[in-house]
Amino acid sequence: MPARTHTRTHRPDTVDVRLPWWAVALPALAFAALLLLIVEPGQAHATAGDPAIGRLLERVLALLPA
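Shown next as structure tokens:
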């Protein structure tokens, strides 16, 4: 007599994963802090060939509190 195997009768079709607000906010703040450590406000000058990067950095630094 072969042994019966138990099969799962109920398997969830989808998994509902919800992140708290701080799970997104903390990595974003950490990235911004590290970016500010790399590019200090006094050294945020663009190269002569690409002034768009300098304008972008100026806007990012203007949005951040001093």
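Under this note's numbering, the first residue of the sequence shown carries the number 20, and numbering increases by one thereafter.
Even for Gly, the Cβ is constructed at its ideal location relative to N, Cα and C.
Bear in mind the structure is a predicted one, so any value in this text is a computation, not a measurement.
Roughly how many angstroms lie between the CA atoms of residue i and residue j, to the nearest whole one?
| i | j | result |
| --- | --- | --- |
| F50 | I72 | 18 Å |
| R78 | H29 | 53 Å |
| V58 | L76 | 9 Å |
| D35 | P70 | 44 Å |
| L80 | W40 | 24 Å |
| L24 | D32 | Checking the sequence shown, residue 24 turns out to be Thr, not Leu. Taking the straight line joining both Cα atoms gives about 22 Å. |
| L38 | A52 | 22 Å |
Between which two residues does the alpha helix (DSSP H) carrying residue i extend?
| i | result |
| --- | --- |
| L82 | 70-82 |
| W40 | Neither: W40 is in no alpha helix (DSSP H) and is coded neither H nor E. |
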